[in-house]
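In what follows, a structure is listed as structure tokens, so that the remarks can point back to it.
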Amino acid sequence: MGKSSFLGPETIALHSGYQPDPLYGSRAAPIYQTTSYVFDTVDEGASLFNIEKGGHIYSRITNPTVAILEQRIAALEGGSGAVCTASGMSALYVAFITLCSAGDHIVSATQIYGSTATLLRHTLKRFDIECTFVSINDEDALQGAIQKNTKLVFCESIGNPGLEVSDLPAISKIAHDNGIPVVVDATFATPSLCKPIEHGVDIVVHSVTKWMGGHGVAIGGVIVDGGSFDWGKSAKHPTLTEPYEPFHGISFWEEYGPSAFVMRIRAESMRDLGPSMSPHTAFLLLQGIETLNLRMRRHVENAKQLTQWLLKQELVRWVNHPDLPENSTHSIAERLFPNGAGSMLCFGVEGGREGGSAFLDALVLCSNLANVGDSRTLVLHPASTTHSRLDDETMKSAGISPDLIRVSAGIESVEDIIQDFKVGLKAVGRLVK
Amino acid sequence: MIIKVNKYKTFIATGGQVFDPKKPTVVFVPGSGLDHRCWALQSRWFAFHGYSVFAPDFPGHSLSEGDPLVSIEEMGIWLVEALDVAGVDSIHLVGHSMGFLIALESAVLLKGRLKTLTAVASATSIPVNEYLITTAESSTSSAADLMLRWGFGSHAQLGVSAVPGMQPIAIGRQIMSDNPLATDLKACHNYSAGKSIAERVDCPSNVILADEDKMTPSKFGMELASILNAKVSKIKNSGHMLPMESPKRTLDSIKSFITEHTN
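Read top to bottom, the protein sequences are chains W and R. Numbers 0 to 432, taken from numbering that gives the first Met the number 0, label the letters of the first sequence in order. Numbers 0 to 262, taken from numbering that gives the first Met the number 0, label the letters of the second sequence in order.
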């Protein structure tokens, strides 16, 4: 496993990746708002371009402020390295195409974010990369879906929005037995609650827009390489083991071993596609990550109190959170999330789709919008927004019912969130009477 | 490239270029539990600047077959055999930590073929704590953890990396966990001929030290430099794992010395 720091998570969140700069002693990480970097000599420039040395060339590929964020997240997750991207979706796209080429195949969980499902089902298909969707904790189904040309297994550590927790050790074992890595979107969990690499996962992806940043002010993504997958032994990923012509036939696996995957992303996707994160965005996200562990404790506590309150309300038909025994993956959550399985919860109210709409429209404090993981409490009706592009059958398999209300519990005083929800339920009551 | 040494397939990293034994060849020898991957950010520069690179995985390490060798003397002989198989004639030896002890043993066998000798974070002997050896015998990854705590300097411990986005401690841990660390540590601990061999070295020598090196404190490196009458450079804010921790400054020091002594 790729343990990358001997410091505690709170210390990593504040310090990792940066030491006060020797020129001015700036305690906070500076924003290196520059496109490019001066080469000491022509030979120095040539060496950087040929990956003979580490360093910065152009901010599409690397940037010092972004690198601090990358190193900090890699340390939090226990990875060998990380690459930040413009968004969580671009992080997923880059991770997929670094491992897959035309003619390849992916096995994915059905319970995933709507845009990720569209990427896998439709966008990648245009490039002849096929995907089979399975109930990810069904071990027989997972094994049965893996084909000769399968290059990775994908899931979310906590599925969006059905809140099904993926059994990461079991999934990893099946994938590894078949010589393929596991890519996990851990956005809902953050390394504060669960470090997938410690459970056998090979690559972790986040939308850092969400809890990692926490303030809802910047869009970004990250890919973390666990560093332990033996690309040479599996010999299923020529992008990492075969000579790469643009860099004089380099073999990333032979040359860089535990950092081969990240080096390939840097050399290919960041260079040729350019889904880079801006230094200002990295700076904003660094401010959020400094308090990640404190915030996550509060997020989880508020989610727990909200869940318990909702369970007692007559107009609430059902409540779902992985920490509730009714959740089908509760036992997995207990094992993988000892400090609480996140701050996302779902519930349905009387009146079905209309009841849900009435509840959302009556809220004042909580915001109805298409985001999660803000410090503020957010609510959404997925059937009419994030998952609206899915047909009924696909929506059902993704764990979404028409009445489902998705809540991203914030860190406000929980009494105030409950007060707002009381207003929402009054509106539901007026509708169903 | 793959060559056969004593019947076993042996992986030699060549810095991304086709190996040409006629060129002056920089031979990178890794320390305990390490392999060619620890030299990734030094070897490639030489391969693209007029040199051949020969960075072997010793038997039983990383991509090489065979049983791990149990003494520094055996490793020194093996390295010369590997260089003979590859047909190398003009040799610049660079060794990190235990790798330098191996380089010393090879140096006396190579005689006139050896052009320069470089020690990176090393000394004439490197005794190893018994607890570390015992730990390595029962758990390679636990021993690797101990070494990484001591081996990396304060900046690296705080997650600062010379290569954007990377975490050298995690990379080092992964490499060490894959290799026969206990065997290497015992070989390193048992080696005592370093001082007498160093006194016999007559080629130009270079000693690169780290100011935060807790595993081979720089005072021992200075003693080595005195015996070799070597050029000395000390890298600040870095620990024992110089090739991975301070790759650019380590490369700068190696290349300025070797290029100065290349015809």
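Every residue, glycine too, gets a C-beta built ideally from N, C-alpha and C.
8 Å Cβ cutoff, residue i in contact with chain R
i, result
"G102 of chain W", "no"
"G1 of chain W", "In this prediction, G1 of chain W scores a pLDDT of 46, lower than 50, which makes its location untrustworthy; no coordinate-derived value is stated."
"E244 of chain W", "no"
"S191 of chain W", "no"
"P257 of chain W", "yes"
"E241 of chain W", "no"
"S79 of chain W", "yes"
"T280 of chain W", "no"
"F5 of chain W", "yes"
"S227 of chain W", "yes"
Rounded straight-line distance, which links the Cα of residue j to that of residue i
i, j, result
"S121 of chain R", "N262 of chain R", "27 Å"
"G1 of chain W", "W77 of chain R", "Bear in mind that a pLDDT of 46 at G1 of chain W, under 50, signals an unreliable position, so the model cannot answer this."
"L208 of chain R", "L116 of chain R", "14 Å"
"T208 of chain W", "W230 of chain W", "30 Å"
"H48 of chain R", "V221 of chain W", "35 Å"
"L113 of chain R", "I90 of chain R", "5 Å"
"L364 of chain W", "L123 of chain W", "39 Å"
"I1 of chain R", "I288 of chain W", "45 Å"
"G226 of chain W", "K235 of chain W", "16 Å"
"G199 of chain W", "Y17 of chain W", "28 Å"
"E353 of chain W", "D402 of chain W", "8 Å"
"G178 of chain W", "T149 of chain W", "9 Å"
"A369 of chain W", "D360 of chain W", "15 Å"
"G351 of chain W", "I410 of chain W", "28 Å"
"I11 of chain W", "P29 of chain R", "30 Å"
"D127 of chain W", "K432 of chain W", "53 Å"
"Q304 of chain W", "V413 of chain W", "7 Å"
"S176 of chain R", "A143 of chain R", "7 Å"
"A224 of chain R", "S204 of chain R", "8 Å"
Integer Cβ distance of residue i from residue j, believed to fall under 8 Å
i, j, result
"W308 of chain W", "I417 of chain W", "5 Å"
"G158 of chain R", "A74 of chain W", "4 Å"
"R405 of chain W", "V427 of chain W", "Not really, about 16 Å apart at Cβ, beyond 8 Å."
"S206 of chain W", "G87 of chain W", "3 Å"
"A186 of chain R", "V69 of chain R", "6 Å"
"N136 of chain W", "D166 of chain W", "5 Å"
"S356 of chain W", "H380 of chain W", "7 Å"
"I157 of chain W", "F187 of chain W", "4 Å"
"A181 of chain R", "T123 of chain R", "Wrong, their Cβ atoms sit about 23 Å apart, outside the cutoff."
"R59 of chain W", "S275 of chain W", "5 Å"
"M243 of chain R", "P167 of chain R", "5 Å"
Interface flag, residue i vs chain W, CB-CB below 8 Å
i, result
"M175 of chain R", "no"
"H154 of chain R", "yes"
"M165 of chain R", "yes"
"S160 of chain R", "yes"
"W44 of chain R", "yes"
"G150 of chain R", "no"
"F57 of chain R", "no"
"A39 of chain R", "yes"
"A118 of chain R", "no"
Element boundaries [alpha helix (DSSP H), containing residue i]
i, result
"G193 of chain R", "193–199"
"G98 of chain R", "97–109"
"D251 of chain R", "246–259"
"E157 of chain R", "The amino acid at residue 157 of chain R is misidentified as Glu; the sequence shows Leu. That residue, L157 of chain R, is in no alpha helix (DSSP H); it is neither H nor E in DSSP."
"N262 of chain R", "Run containing N262 of chain R: none; DSSP gives neither H nor E here."
"S140 of chain R", "139–150"
"T306 of chain W", "291–310"
"N189 of chain R", "180–189"
"D201 of chain W", "Careful: D201 of chain W lies outside any alpha helix (DSSP H) and carries neither H nor E."
"I170 of chain W", "167–176"
Range covered by the beta strand (DSSP E) that runs through residue i
i, result
"A118 of chain R", "113–119"
"K432 of chain W", "Segment: none, K432 of chain W is in no beta strand (DSSP E) and carries neither H nor E."
"F264 of chain R", "Only positions 0 to 262 of chain R appear in this structure, which leaves residue 264 of chain R out of reach."
"R405 of chain W", "404–407"
"N205 of chain R", "204–209"
"E155 of chain W", "149–155"
3-residue-minimum beta strand (DSSP E) runs that sit fully inside the stretch 44–73 of chain R, ordered along the chain: 51–55
Minimum length 4: unbroken alpha helix (DSSP H) runs contained in the stretch 37–89 of chain W: Entirely contained in the stretch 37–89 of chain W, the alpha helix (DSSP H) runs reaching 4 residues are, in chain order, 41–48, 63–76.
Any beta strand (DSSP E) of 3 or more consecutive residues that is wholly inside the stretch 204–278 of chain W: For the stretch 204–278 of chain W, whole beta strand (DSSP E) runs of length 3 or above, ordered along the chain, are 220–224.
Beta strand (DSSP E) runs wholly inside the stretch 340–387 of chain W, at least 3 long, in chain order: 343–348, 377–379
Those runs of the alpha helix (DSSP H) which lie wholly inside the stretch 87–133 of chain W and span at least 4 residues: The alpha helix (DSSP H) runs of length 4 or more contained entirely in the stretch 87–133 of chain W are, from start to end of the chain, 87–98, 113–117.
Alpha helix (DSSP H) runs contained entirely in the stretch 3–38 of chain W, provided each spans 4 or more residues: 8–14
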